[in-house]
Structures are given as C-alpha cells and as structure tokens.
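Note sheet for the following structure.
There are 2 protein chains.
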Amino acid sequence: MKKQLDKDINDENEIAPQKITGKIPTRVLPGFMELLPAEQIVFDRMKKTIQDVFELYGFVPIDTPIIERAEVLFAKAGGETEKQIYEFKKGDNDLALRFDLTVPTARYVSEYERNLVFPFKRYQIGKVYRGENPQKGRYREFYQCDIDIIGNGTLGLINDAEIPAVIYDVFSRLDIGPFVVRISNRKLLAGLMNSLDIGGLVPNVMRIIDKLEKVGEGKVKEMLAEIGVSSDVTENLFRFLSIKGTTEEVVAALRNLGIKDDMFNSGIYELENVALNLRRFSVPEQYFEIDLSIVRGLDYYTGTVYETKLARFPQFGSICSGGRYDNLTEKYSEKKFPGVGISIGLTRLFSQLKEVGLIRAETLTPTVALVVPLVSDMTVPFNIATTLRSRGISAEIYLEDAKIKSKLSYADKTGVPFVIIVGEDEIATGKFTIKDMKSGEQTRVVLGDLASYIYNR
Amino acid sequence: MKKQLDKDINDENEIAPQKITGKIPTRVLPGFMELLPAEQIVFDRMKKTIQDVFELYGFVPIDTPIIERAEVLFAKAGGETEKQIYEFKKGDNDLALRFDLTVPTARYVSEYERNLVFPFKRYQIGKVYRGENPQKGRYREFYQCDIDIIGNGTLGLINDAEIPAVIYDVFSRLDIGPFVVRISNRKLLAGLMNSLDIGGLVPNVMRIIDKLEKVGEGKVKEMLAEIGVSSDVTENLFRFLSIKGTTEEVVAALRNLGIKDDMFNSGIYELENVALNLRRFSVPEQYFEIDLSIVRGLDYYTGTVYETKLARFPQFGSICSGGRYDNLTEKYSEKKFPGVGISIGLTRLFSQLKEVGLIRAETLTPTVALVVPLVSDMTVPFNIATTLRSRGISAEIYLEDAKIKSKLSYADKTGVPFVIIVGEDEIATGKFTIKDMKSGEQTRVVLGDLASYIYNR
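And the structure:
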C-alpha cells in the first residue's frame, strides 16, 4: 500500500496519461495543479496551519471575488503581470481574474473604509490567476496566503516587524526546515540613486536589480547600461549591493558610505528599527537577515521589502514575499491607506516540497475508523459510527454489498488506522471486534469503549 | 458598538455607496457577494462546520481548478445552465469557469480512476460561477459544498440514504432551525410516462415539472400542453404529483395506481428502501419526507433526487439539492462510474439567513485578548501575546503609537473579549491588568496565569 501511495504522489506526470478514445480530454489544463486525495489532505493541512496562525495573531478573514472589474486590476498590475491577466467580457463588462490578493484588498479597503476598524489586520487565502508560460513550479492558478496590516492615514513602522514575526511562526509550525526572512528597504536604493542624480530611473533599476539572483551580475550590468546607467554609477550600485554582514555591520557600512540623502538615511533608520523589533519579538537571529539585493518586482512597494528562502533549498527562490506600500489605494480612494503585508505562495511551495520528497502523504482518507458490516441491516453499524463521530472520531461505514475480502482491501488501500467488524455474533454479544491496522492487534470491546480504545492507542 | 455591527450587517446596499470622485469604482460587481469581516467570520464558521461534518463521515477532500476546458463543461451543462457559463479564450484554448462541482468531479474520476479507491467518497467546497441575472439571493459567484459517493461500475442503493443522513447532521449542527429533506425518485415519473406512451418527452416534462413550485399548476399545465402533452395525460401526471402522506401512505398509493412498468416499480422499491435506511440511520421522521413533485432541473439525474427546505422559511427554496446519476462520466470515460451526491448552496443560504436576521455577528475579529502597551518597547507585550498563543488563545498587540483612549476604542470597536494593559508599573511588578470587556471587571495577574484566567471566564 505504502508503495502505491508513493507512486501516486511522485509520478505526477505519469498519472493516467490521456486516453485516446474519442472522449473529451480529462487531463487538467497545463499550469494548473490538481492533487490526488492523499496529497490534497497534506495540502489542506498546511493551508489550515497557516490560517490558524494568522488567526492566532488576530488577523481577520476577508474573501473577495475572484472576478474583478478589469480596470481595478490594470490600475495596479504593471510590467509583466499585466500581460498575464486573464481578461474577458461578459455582457458589457470588462472582467478579469485577480492576479494577487493585495490589489483586491486595496479596493476592499477603499470601498468599506467607513465600516472597518483601523489598523485593519486582514488575512485572505485564495486562488489567483496568472497566464504564465507553464514551467516547473510555475502555476497559472495558485493559492496565495496573505496577511496585511493597513492604517487609516498612517501606520507605525513596528508593523513592518510584526509581519516577519508572524511568518517566522508559520514556517516554524509548518516544519519544513530552516528558513531565512531576508529584509531590505527600498528607500536605500532609491536614496542612493537620488544622491547619484538618477532618481528618475528608480522603477526601472529596481525591476532590473530584482532579477539579479536569476540572471547574474553580468546580465544586470548589461541591462543597466541599456537604460543609460553609466558604468561609474553601476559600480556605485554594486558596491552598495555587495554590503553583507550582521545587522550592525550592514548598518555601519551603510553609514560609512556617507550619503547625504534624507530618503537614504530614513531607509537606514527603518531597517535598523525593523531588526531591533524583530529581536524584541523573539525571532531568533538566524531566521532573518539584511539583504540589500532584495527589492521586489512590483512597483507599489515604498519601504521595507521581504523575501523568504528555505536554507536547504535556495533553488526554490522566495517562498514568501511582500513589503510596505504607502499608496496602494491611490487609484481607488481620496484617502491614504498605507499598509504592509506578505504573501505565501502555497501552491508553488507545496509542489517544490513534493519535488524534493518532503511531502509525506500517509493516508488517503480522513477516516479514523472504518466500520465493516457483515450484516445487511445497517442500524448497528450506523449507531457505532454515530457514537464515534460524537466523540470527534471520523468514522465511515463500508456500505457496498461485497465479499469480506473486498471490504478489508478497501481498508488496506485507504490506510484507515482502525477497522471495526460488525457481524451477527458481535451484535448478539454487544462486543465488537476492533483491529489496529498498524500493529495488527485485535480485540473485542463494547460500544461505549470503542472511542476510548481508539484514543488510547 | 452592537448597534453599529447590526447596521453593517443588515444594510448591505447602504454600505459606502460608490463615491463620485473620478477614482476607479470600488463597488463589488453586481451578483457577487462580499462580506464585512464580522459577517465573514460567521460565514467561515458555517463553512468550517460543514467541512468538519463531511470529514467526520470519511469524505475525502479534492480541489479541482476553477477554470476548465469549455468542452468539459458544455458536455454536461444543458438547458439554462449552458447560457450562464463564463467562457473565454486564452491563447488557443477555449476556457470556462466551472458552474458546479459535480461535472469537474466526473472529469477528475475519469482521469485518475486508476489512482482512486472506490467507492470514492469525496467532498469539495469551492466557488462556482453562473452568469445569472442578479436578483435577490441569486449570485454569479457562489460557494457550493458538495459530497458525492462514486462507485466503479456499481454503487449500492444504501448510499442514497447515507447522503441525506450526512445532510441531517450538517444542518442540525448549523443550528438554523427545523428543515425537511424532501426525497423522490425520477424513475417514478419516467416510468409513469413510459406507461402513458410519452417516454420520449421525459427530459422536457421533468424540466417543466421542476418549475411547479415557482410558477404554479396552471402555468405548468399550459407548458405541458405546448410541448404536446394531452390533457388526459396531464391529469394522470397531476394525480401522481398530488400523492401525499407518510412514506407508507405514499408507497401504498403508488402501488394502487396499478402501473405495470418496470422502471416505475423499481422507483417504488428504491424510494421505500431509501426511507427504510434513513430510519436505520436514525434520521428522525420529521426531517425527511417523500415529495413526488421533486424532480430537479439537471438532466443527469437518473434515480433518487433530493431537495431541502427550511421549515420556517419555505420562501428560501431548496437550500441543498442533489441526487443519483448513473452516467455522469459517459462523455469522459469508457467506464461507468455511477454516483450519488448533494450540494449545499452556502452563499445563497447565508444571504437568505442574513435577510431574515438569523446571522448574528458578534465580533469583528478572531482576537480573544488585545494587549494594550503603554510602553514603547514591545518585548514584554509580545512575550505576553506569545504565551497566550502557545495556549491556543488568539492574541493581538495594539502596536500603533496612539493615546490610551484610541487604543481602548479599538478594543471596543472590534469587540475583543479581553484587554491586557502593559504599563511601566505592570512590567515592574510582573502583574498585568486584565479586563473582561463584557462584565467590565478587571484584576491583576502574573504572566503564567493570564491564559487560565481567560479560560476560566
């Protein structure tokens, strides 16, 4: 059984290749993830852990539609994302599928601000859509698990430290090995560029430097030259990007650059403050680091930015990213709602963990006890199942009219931990045979003791 | 505070009317439900209860994409549903948004059958899309909460009784008042029509009779005449539809009709069997009833059919419907996978319960304890929150730099049950002021006793 399970899980591309039968193709669309039940159970458990932690920190759920007015999304997409939006018409409406959960939240806050309490701490877990070229680990439909803290007018810098503190808690509980939240602040690079008199190029340079890890230093220098950044300036930028060390060392090195620019110095202040508060929030030193090469691709970030890497799997890229945005609602509202947030790309993370064998599926069912009747009247079997359910134990009755062998083979295949046999003799004596499928042990107990028998194993 | 909450919840149409500012419209699209946090918390709790019960009965989760190949959906839509499908192109692909969860499940079973264990008991909770004319209680995006039991080749009739037994459990736990699962069997009407020599009209007649409750007897008779049903035959059909009473009375009356048709008699047998097993499954008599006017609008049902009504709110229509289908996978697979299932229309149910004042939102946040710091170093406040969270208590720190009055007003507005004050004095003595917001009582306790104080209230 175990062997079959492993096969199901790892050979995704081998599952039921499209049959050539003149029937309608049933294979899932390319770029869409669809899981077998054993994996779905693990996926759902991860999603639930994330949600539970978000709620433990007092984040409030919202659930915006997957379809938005196209103009709402295009107002804030920009760059490559814009080309990836699923857009369509229905009647007279230009509609589109959301590409993230942050932009819909900006719309939501603008719309309902009079009914919300600020700071508004919301979480949202849902599917988003990007028409990317499907390639390993890139999906067109994927779950994002987001938290954001949004202020009305202002929002304290300390929130920039709470966000990674929550994430530290999430990933610790998910138990997927050591990870590092890498933190920077966009004001540093923007301030540096101001001081080098190329402030107008900030958005373009940010987008190029965001690709540093993917394309390498040589390519980035080329791209910078292409948009007219002189080699002197590029050297300056790389001197900045190469600063490494502990928080104290990085901050000292940044100060040593002697840059007289308010934005730059405000960037140093913010970075130092976030690091200080992360310590106060008990996030151990090895779980976060200042990394000045983090800038993020989206234009809307204005201060702190985050990326998260698994230490053992740097090839995964960032599994959780976000940052501070001061003007996300500017297209929707007269008021200012600055925010800071982060998003876990759960679908991609799951598929990558699966790739490296870290997703261990153990059961094909939530059922804890399978009731196997050897009688046709289901009154007693149902009564047993009801009794277990009332104690919070998931119970199922094998209802099909089949040979006992088929019934037990169902138990084997699904991996249920306990089987309860109900035959004439059991009904007559009121003592039911219960078998622990792991150890193979079996015994006979009365109805009232079945639940405690299971709890005590 | 209570008053404001009530306002938020009931005046849906009055919330933040679209501002005329030259900004992008932020109002949610017509026909889409979007909730304020207080209501969202209630909605999510209902969804969680449904999911928990599904799992207690051993149903396995699946999560199919929201986007399907258009041909997959059109193969099984039919009638009005077909016109309501959201269809669009991306690249060369004809895509569409799923209009239910049953058809994607049929595709899923056809695709992965070699990797599934049968009977395959799956649940799926997710959003589906129908471009209906938005009107009260009709949504274009809505949640369906589905269970289905699918056999490989065959599926025992007893499963037709398990489905309403699960639903009985779900609605009992949701605590939304008395309800009745109304049950019929399509073989009865189809068999009757065979015996009247109008078997060829079965799908059309079913669709017309499905409208009986909505449009009334006169209109149904007119529509039957239009498709060529003679008034004699119509009288016969209505004599059948008017049979009422207990299971035993209905079955006796059906036998008394003396119809010599195998399908009809198999319908009687199935109906009687489902009722018998519902009793064995301990579903109290008043929660189910035979109602021969139930036929369902979708063509794919072939036997048992269900609808569910709230006894106090018949105007809601059916809040949970489904039935037996023998050939749902015929367009996708050479094999036969008969199934039986049911679907709760949660979005519509929620909005209707809200309409009649049965949705009681009590809090704007999952937070149980709000830590209000009067100091700027957040080490101790965070430590308190962490201690509570480790005991499973949702805790939040008010992080903004604000006057104590604003901080307490946040507590008031969100409705958190406990507030913990952390000032210099509290830190010095190690005893923190905790206030029970309901009773107004407050006391000072040490860190280690905060959680038990909360648990004991």
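First to last, the protein sequences are chains R and B.
The first sequence maps to residues 280 to 736 in my numbering.
The second sequence maps to residues 280 to 736 in my numbering.
Backbone N, C-alpha and C fix where the C-beta goes; we use that ideal spot for every residue, glycine too.
Note that the structure is predicted; figures quoted are calculated from it, not measured.
Contacts of residue i in chain B (Cβ-Cβ under 7 Å)
i, result
"Ile-341/R", "Pro-316, Gln-319"
"Gly-410/R", "Lys-369"
"Lys-406/R", "Ile-345"
"Ser-612/R", "Lys-302"
Burial state of residue i, where buried means 16 or more other Cβ atoms lie within 10 Å
i, result
"Tyr-422/R", "buried"
"Ala-317/B", "buried"
"Tyr-734/B", "exposed"
"Ile-683/B", "exposed"
"Thr-646/B", "buried"
"Ile-506/R", "exposed"
"Glu-501/R", "exposed"
"Ala-356/B", "buried"
"Asn-412/B", "exposed"
"Lys-327/B", "exposed"
"Glu-720/B", "exposed"
"Gln-594/R", "exposed"
"Lys-282/R", "Caution applies to Lys-282/R, whose pLDDT of 36 falls short of 50 and renders its modelled position unreliable; the model cannot decide the point."
"Ser-718/B", "exposed"
"Ser-510/R", "exposed"
"Lys-539/B", "exposed"
"Glu-705/R", "buried"
"Val-562/B", "buried"
"Ala-531/B", "exposed"
"Arg-486/B", "buried"
"Asp-427/R", "buried"
"Pro-482/R", "exposed"
"Pro-398/B", "buried"
Interface partners of residue i on chain R, CB under 8 Å
i, result
"Met-657/B", "Ile-437, Asn-556, Arg-559, Phe-560"
For residue i, the three-state DSSP class (helix, strand or coil)
i, result
"Ile-706/B", "helix"
"Tyr-418/B", "coil"
"Val-562/R", "coil"
"Lys-714/B", "strand"
"Asn-544/B", "helix"
"Asp-822/B", "Limits of chain B in this structure are 280 at one end and 736 at the other, which puts residue 822/B out of reach."
"Asp-290/R", "Per-residue confidence for Asp-290/R stands at a pLDDT of 37, beneath the threshold of 50, marking its modelled position as unreliable; the derived number appears in the next sentence. Of the three classes helix, strand and coil, the one that applies to Asp-290/R here is coil, per DSSP."
"Lys-633/R", "helix"
"Lys-738/B", "Residue 738/B lies beyond the stretch modelled for chain B, which goes from 280 to 736, so this question has no answer here."
"Ala-730/R", "helix"
"Pro-593/R", "helix"
"Arg-386/R", "helix"
From the options, residue whose alpha carbon lies closest to that of residue i
i, options, result
"Lys-614/B", "Tyr-391/B, Asp-342/B, Asp-448/B, Ile-663/B", "Tyr-391/B"
"Leu-395/B", "Thr-693/R, Glu-705/R, Phe-399/R", "Thr-693/R"
"Leu-557/B", "Asp-728/B, Asp-656/B, Asn-438/B, Lys-355/B", "Asn-438/B"
"Val-321/B", "Ala-707/B, Ile-638/B, Gly-709/B, Lys-717/B", "Ile-638/B"
"Ala-385/R", "Leu-678/B, Arg-377/B, Arg-306/B", "Arg-306/B"
"Phe-333/R", "Ser-597/R, Ile-573/R, Asn-473/R, Arg-452/R", "Arg-452/R"
"Ala-349/B", "Ile-329/R, Pro-304/R, Tyr-365/R, Ala-349/R", "Pro-304/R"
Within chain D, the residues that residue i reaches when beta carbons sit closer than 7 Å
i, result
"Pro-398/B", "Absent from the structure is chain D; the protein chains it does hold are R and B."
Proximal chain R residues relative to residue i, where beta-carbon distance stays under 7 Å
i, result
"Arg-306/B", "Glu-390"
"Asp-323/B", "Pro-340"
"Met-661/B", "In the sequence under discussion, the amino acid at residue 661/B is Phe, which differs from the Met named in the question. Chain R residues near Phe-661/B: Arg-559, Phe-560, Ser-561."
"Thr-693/B", "Val-396"
"Thr-644/B", "Gly-337, Val-339"
"Glu-586/B", "Correct list: empty, because the minimum Cβ distance to chain R is about 23 Å."
9 Å Cβ cut-off: residues of chain R touching residue i
i, result
"Val-351/B", "Ile-303, Pro-304, Thr-305"
Contacts that residue i makes with chain B (C-beta to C-beta distance below 9 Å)
i, result
"Arg-417/R", "Under the 9 Å cutoff, chain B gives no residues; its nearest Cβ is about 15 Å from Arg-417/R."
"Glu-420/R", "Pro-344, Ile-345, Ile-346"
Neighbouring residues, chain B, relative to residue i (Cβ below 8 Å)
i, result
"Phe-311/R", "Pro-344, Ile-346"
"Ser-673/R", "Glu-334, Leu-335, Tyr-336, Gly-337"
### Query
If you pair each beta-carbon of the stretch 688-695 of chain B with each one of the stretch 429-443 of chain R, do three or more pairs fall below 8 Å?
no
### Task
Say whether the stretch 353-363 of chain B touches the stretch 340-351 of chain R, bearing in mind that this needs 3 or more beta-carbon pairs closer than 8 Å, one atom from each stretch.
no
#### Entry: Touching by the beta-carbon criterion (3+ pairs, under 8 Å), the stretch 567-584 of chain B and the stretch 450-464 of chain B
yes
### Task
Indicate whether the contact test is met: 3 or more Cβ pairs, each with one atom in the stretch 403-413 of chain R and one in the stretch 514-530 of chain R, closer than 8 Å.
no
### Task
Indicate whether the contact test is met: 3 or more Cβ pairs, each with one atom in the stretch 366-380 of chain B and one in the stretch 715-732 of chain R, closer than 8 Å.
no
### Query
Is the number of C-beta pairs between the stretch 464-476 of chain R and the stretch 541-560 of chain R that are closer than 8 Å three or more?
yes
### Task
Examine the Cβ distances between the stretch 614-629 of chain B and the stretch 421-436 of chain B and report whether three or more of them are shorter than 8 Å.
yes
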